[in-house]
Amino acid sequence: MACRTCTGHHPKPLRTFPAGNPRASLLAAHAATEARNEAAEPVHVHYDATTDTFVVVRTHPAAALAA
234 MACRTCTGHH PKPLRTFPAG NPRASLLAAH AATEARNEAA EPVHVHYDAT TDTFVVVRTH
294 PAAALAA
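Each residue of the sequence shown is one higher than the one before, counting from 234 in the working numbering.
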């Protein structure tokens, strides 16, 4: 499941974004855009073409500076 903290919404199982489902992909992309707009810290969106899934990951600024 997607991380409740990362997405800022209720967690959604990644299986809700199945391969070949354009509507699910658009919903995932919209959720990623929302997360980018709401985040005070850097947001990274990872896309897995094999499963056609998006994962939104927020990075704490201190962790980004240490890297």
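For each residue, glycine too, the CB sits at the ideal point set by N, CA and C.
It should be emphasised that the depicted structure is a prediction, and the values quoted were computed from it without experimental measurement.
The Cβ atoms of residue 272 and residue 256 lie no closer than 8 Å to each other. According to DSSP, residue pairing for residue 263 in a beta bridge does not occur. Taking 8 Å as the upper bound for CB-CB distance, residue 276 and residue 264 are not in contact here, some 11 Å apart. It is roughly 20 Å from the alpha-carbon of residue 261 to the alpha-carbon of residue 274.
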